[in-house]
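Numbering (my numbering), first residue to last: 942 to 1601.
Just so it is clear, CB atoms sit at the ideal spot from N, CA and C, and this is done for glycine as well.
Being a predicted model, the structure only gives us computed values, none of them experimental.
Comments concern the structure below.
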Amino acid sequence: MFRLLLLAGFAGTTLSAAAQTTPPTRAQDSLFVRQNYRKLDRQITMRDGVKLYTILYVPQDADKAHPYPIIMERTPYSAGPRGESNYPLRGPGPSRELSQEKYIFVYQDVRGRYLSEGQFEEVTPALPAAALGKPRRAGTSTTPHDESTDTYDTIEWLLKSVPGNNGKVGIMGISYPGFYATASLPGAHPALKAVSPQAPVTDEFIGDDARHNGAFFLLDNFDFTNYFDAPRPQPVAKYDELFDLKITDAYQFFLKLGPIKNANAPQYFNNRARIWNEYLQHDTYDAYWQARNIRKHLTDVRPAVLTVGGWYDAEDLYGALHTYQAIEKQNPKATNRLIMGPWTHGAWSRPDWSKFGPYDFGQNTAQHYRQTLETPFFNYYLKGKGTFGAAEATLFDTGLNQWKDYPTWPPRAAESRPFYLQPNGFLYGVAAGQPAPYQKQSHFQITRTQTADSPTSPTFDEYISDPAHPVPYTASMQAGRNNEYMIEDQRFAAQRPDVLTYQTEPLTEDLTVAGPLGIDLWVSTSGTDADFVVKLIDVLPDDTPNPTPNPQRLTLGGTQRLVRGDVFRGRFRNSFEKPEAFQPNVPTEVRYELNDVLHTFKKGHRLLVQVQSTWFPLVDRNPQQFVNISTAGEGDFKQATIRIYHEPGHASSVQLPVLK
């Protein structure tokens, strides 16, 4: 899938810093590939004897006098097109910039996918460090292997078998291929000099594609596993979907589907989807998920690393941020940099990314990234060409529409400040040095003092969460996921009785939030389980001008622009390994973390926090009873009264890292 995305993205990017008036046509691109590269199809034998299908594009002039480095992508989405005379219409590199630079480009079907032999494993568990590296003897079918060893063996073959290589290798990939890039780092081959995990799958239970904080991401996984999870008894050139499905309104479709166990009905998965069943059978952070957490294996990292992600990535925002953080924490001397732009999943590879939804960034952020960061990174570490002086962290401020450089991420100057959820829908921010959440004013927050009710009279807001009428994650009717939900106007949610809102007065000065967001809720439920969705929102002033042109007739004044939001399954409040039921109607603390942001709330804007318990069908419905959700029936789903407390000793808040 993402191999196709990259090739499509090749079409409109420029050859140099000077933009071309007319982008090259497909015929011109194809001619460039044929004139400058020769294509090879090979089966490369791994240490256990399994052969992996690999495609190579070698510059025509590659020889001892003109050696080229290698850039490789390992993918479960097909290395095609197949056949040495069948050239791609775009490419052969992941961008026109890199193709023009000339490298030896290598694409490989990972073990068990498409034309590669072997058994595929979802996010292959990593071997211990002692088992990595070059095999000491000829392999057998029982020789230990993982993605690190498959990468090592592939590099070893390439160096020995491809004439005209300069002995240096780079690896990159977006999404699942990003995981394979990350997996090259443990026990890395000495020739591996530059690695760029981009939106990498990293920890699927805690924050990536499968689950977020234990809550199952229904919409994405139902669609993805339908085509990805088809049984493969032998190597194949093409996968067929498990079932035909035409959806016009995903909200209504999944409501009608009912409990998640119904997905295995004969007309749907019918127990043919191994990964789908694994996702649902392993409903706690057990050995299955822990073995698939690559972060703990990111030690002794020697190649230079450039981790890339998008602030609006609905799939693997967590993966980019936490891959960078894991390398940074466990390898303080490693060359490790982070890039975060205003992108959806993989949007930095597109020809142009100047706008998203109603927001105009004022620049082609994708082209800027490729020309000033990605291409110089590989050129410097693989060719010794030019310099690469990028900051430790290069990130886009989504409130200012500006790139910012930081020597550390999160910035050391960021100070955690609590913003308290208060009666009557107020959000109260405690400024530096101001101690009491209910007595002092913040100079940049509210203009009236809020006081708590008497300690003997608990203060709370409440709503009825009904699984039969869940809060939609988006305002529009969609067949699949609406990518724009990551920045969508939340006024549609604020109008519902099962969504609580807390808002500041207009800010008297700019407020920059930089880093992860802490959530500290005091809650109770009349049931024994509940989900909690918390959203941080930028409320635009009523006089905000509309975009020009404005074909969608948008009214930006008063927009509640989502900055960050995520879900937490309450049963995991004390442990992801050992879930616990709630004691009905007893105030209980739920703490978790939302992914990082870099966003400046401008003077005159307001901060708003929304709290709700459903986010459908993005996230599966919680029965709100402490039962096995994967096997729950219709009768297990119950309404529940949810309370959010804002009293002394039970003060709900969000903790924002504010730049001083």
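Subject >> Option nearest residue 1121 by Cα separation, candidates 1154, 1529, 1089 >> reply: 1089
Original post:
Counting only runs that start and end within the segment 1274-1358, where is the alpha helix (DSSP H) found for 4 or more residues in a row?
Top reply: 1306-1310, 1316-1319
Subject >> Exposure of residue 1486, with buried meaning 16 or more beta-carbon neighbours within 10 Å >> reply: exposed
**OP:** Compute the Euclidean distance between the alpha carbons of residue 1367 and residue 1277, then round it to the nearest angstrom.
**Re:** 41 angstroms
Original post:
Do you know whose CA, among 1128, 1152, 1471, lies nearest residue 1559's CA?
Top reply: Closest by alpha carbon: 1152.
**OP:** Would you check if the distance between the CB atom of residue 1172 and the CB atom of residue 1055 is smaller than 8 angstroms?
**Re:** no
**OP:** Answer yes or no: do residue 1451 and residue 1543 have a C-beta to C-beta separation smaller than 8 angstroms?
**Re:** yes
**OP:** Report the three-state DSSP secondary structure of residue 1138 (helix, strand or coil).
**Re:** Judged by DSSP in its simplified three-state form, residue 1138 adopts strand.
Original post:
Does DSSP put residue 1106 in a helix, a strand or coil?
Top reply: Reduced to three states, the DSSP call for residue 1106 is strand.
**OP:** Just the C-alpha distance for residue 1540 and residue 1533, rounded to the nearest angstrom, thanks.
**Re:** Each residue's alpha carbon lies about 20 angstroms from the other.
Subject >> Residue burial classification, residue 1599 (beta-carbon count within 10 angstroms, cutoff 16) >> reply: buried
**OP:** Using DSSP bridges, identify the partner residues of residue 1251.
**Re:** 1282
**OP:** Answer yes or no: do residue 1583 and residue 1310 have a C-beta to C-beta separation smaller than 8 angstroms?
**Re:** Not a contact, by the Cβ cut-off of 8 angstroms.
Original post:
Nearest-angstrom Cα distance between residue 1394 and residue 1589?
Top reply: Note on residue 1394: pLDDT 42, under 50, position unreliable in the model; the coordinate value appears next. Between residue 1394 and residue 1589, the C-alpha separation is close to 9 angstroms.
Original post:
Does residue 1488 have its Cβ less than 8 angstroms from a Cβ in chain D?
Top reply: Note that chain D does not occur in the displayed structure, where there is just one protein chain.
**OP:** Could you check what DSSP says for residue 1586 in three-state terms: helix, strand or coil?
**Re:** strand
**OP:** Could you pull out every residue in the same chain whose Cβ sits closer than 8 angstroms to the Cβ of residue 1286, ignoring the five residues on either side in sequence?
**Re:** 1115, 1116, 1140, 1251, 1254, 1255, 1256, 1257, 1424
Subject >> Helix, strand or coil at residue 1594 according to DSSP, with G and I counted as helix >> reply: strand
**OP:** Would you decide whether residue 1380 is buried or exposed? Buried here means 16 or more other CB atoms lie within 10 Å of its CB.
**Re:** Bear in mind that the predicted position of residue 1380 carries a pLDDT of just 39, short of 50, making it unreliable; the figure below should be weighed with that in mind. Its Cβ having fewer than 16 others within 10 Å, residue 1380 is exposed.
Original post:
Taking the C-alpha atoms as reference points, what is the distance between residue 1298 and residue 1500?
Top reply: 13 angstroms
Original post:
Could you give the residue range of the alpha helix (DSSP H) that holds residue 1370?
Top reply: Taken as a continuous stretch (DSSP letters only), residue 1370 belongs to no alpha helix (DSSP H), being part of the beta strand (DSSP E) at 1368-1370.
Original post:
Taking the C-alpha atoms as reference points, what is the distance between residue 1170 and residue 1006?
Top reply: 46 angstroms
Subject >> Pair within 8 angstroms by beta-carbon distance, residue 1528 and residue 1468 >> reply: no
**OP:** Within its chain, find whatever has a CB closer than 6 angstroms to the CB of residue 1416; leave out the 5 residues flanking it on each side and keep chain order.
**Re:** 1433
Subject >> Reference residue 1537, options 1012, 1455, 1048, 1412, closest by Cα >> reply: 1455
**OP:** Look at residue 1146 and residue 1217 and say whether their C-beta atoms are less than 8 angstroms apart.
**Re:** no
**OP:** With DSSP as the reference, label residue 1417 as helix, strand or coil.
**Re:** coil
**OP:** Please work out which residues of its chain come closer than 6 angstroms, Cβ to Cβ, to residue 1336, disregarding the five sequence neighbours upstream and downstream, and give them in chain order.
**Re:** 1281, 1345, 1539
**OP:** Pull up the CB-CB distance for residue 974 and residue 1029, whole angstroms please, since I reckon it's below 8 angstroms.
**Re:** 7 angstroms
Original post:
Anyone know if the C-beta pair for residue 1010 and residue 1105 falls short of 8 angstroms?
Top reply: no
Subject >> Every unbroken beta strand (DSSP E) inside the segment 1436-1468 [3 residues or more] >> reply: 1441-1444, 1452-1466
Original post:
Does DSSP classify residue 1554 as helix, strand or coil?
Top reply: Residue 1554 falls in the coil class under three-state DSSP.
Subject >> Cβ contact (3+ pairs, closer than 8 angstroms) linking the segment 1013-1027 and the segment 1045-1061 >> reply: yes
Subject >> Beta bridge counterpart(s) of residue 1606 as assigned by DSSP >> reply: Absent from the structure is residue 1606, since the part of the chain shown begins at 942 and ends at 1601.
**OP:** Could you give the DSSP three-state label for residue 1008: helix, strand or coil?
**Re:** coil
**OP:** Since I believe residue 1472 is in contact with residue 1554 (beta carbons under 8 angstroms), could you give me their beta-carbon distance rounded to a whole number of angstroms?
**Re:** 5 angstroms
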